[in-house]
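**Q** Residue numbers 0 to 221, in numbering that gives the first Met the number 0, belong to the letters of the sequence shown in order. Note that CB positions come from ideal geometry on N, CA and C, so glycine has one too. Remember, it's a predicted structure, so these values are computed and weren't measured experimentally.
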Amino acid sequence: MNYVWDFAILGKYSHLFWLGLGWTIAYTIGTILLGTAIGLAVGILRLRRLPVIDWLLLAYIELFRCTPLLVQIIWFYYAFPVVIGLNIPAHVAAVTVLSLYGGAFYAEIVRGSIESVNVGQWDAARALGLRPWRVLRLVIIPQALKPMLAPYVNQSVTQLKNTSLVSIIAVPDLVYNATLINAETYRPLEVYTIVALIYFAILFPATLVGRRLERGMTYDKA
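1. Does the Cβ-Cβ distance between residue 190 and residue 201 come in under 7 Å?
2. Considering just the uninterrupted stretch of the alpha helix (DSSP H) at residue 42, what are its terminal residues?
3. Have a look at residue 89 and residue 169 and give me their C-alpha separation to the nearest angstrom.
4. I need the straight-line Cα distance from residue 110 to residue 45, nearest angstrom please.
5. Shortest alpha-carbon distance to residue 68 belongs to which of 103, 87, 42?
6. Looking at C-alpha atoms only, which residue of 163, 74, 154 is the closest neighbour of residue 25?
7. Could you check which residue in 206, 161, 135 has the C-alpha nearest to that of residue 30?
8. Here's the rule I'm using: 16 or more other beta-carbon atoms within 10 Å means buried, otherwise exposed. How should residue 13 be labelled?
9. For residue 54, does the three-state DSSP call read helix, strand or coil?
10. Does DSSP classify residue 132 as helix, strand or coil?
11. Would the stretch 107–124 count as touching the stretch 134–150 if we require 3 or more Cβ pairs under 8 Å?
12. Would you check if the distance between the CB atom of residue 156 and the CB atom of residue 206 is smaller than 7 Å?
13. In the structure shown, what three-state DSSP assignment does residue 122 receive?
14. How close, in whole Å, do the beta carbons of residue 20 and residue 173 come, if the pair is a contact with beta carbons under 8 Å?
15. For residue 56, which option in 99, 85, 93, 95 has the closest C-alpha, if you only look at C-alpha atoms?
16. Starting from residue 104, trace the alpha helix (DSSP H) in both directions and tell me its first and last residue.
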């Protein structure tokens, strides 16, 4: 089969690529920020070891970590409105699920990083008369930031890749707009090659940053 590549035909659709990329970046930044807030709250609350609350938080974490994100998006958009009797806009469903999904992973990153701080730091801070919240804010979290950074960056990179799944519910991200362009041009190879290159241009540098941070942590431990 002799396929003739023709990227020129896509020139008049460049605005759709840019628009889709803009929405992809917006959803990524928004869900990273919301996911981080959720992760901080859940991760810190789990340190308190409150019986019922800890069980509920663990259930939330395992539910979102142990089920496919695509299934979560579809269920929240199509099934959850039936349960509550209200329609949920596609963009609300996308942001909610991506934020909760990311928050479950960020929560474990936060909890694990804080627990990696030597317990003696807690004892020393308490001996100075600091209250628990001030101990956490002034002493523990600053020391937990370094081991937290590499997995946080890696999870955020994953969050960007995950945004491509929201196209299944017609959220106008890069992948969804690519689908529209392909429906007009019937040039799937060119369309999705461009999409792949756009994702690579964003994700590859971010991945390198994550690897460098991981190596830095390894050297510090050595």
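**A** Straight from the coordinates:
1. no
2. 13–46
3. 7 Å
4. 7 Å
5. 103
6. 163
7. 161
8. exposed
9. helix
10. helix
11. yes
12. yes
13. helix
14. 5 Å
15. 99
16. 89–114
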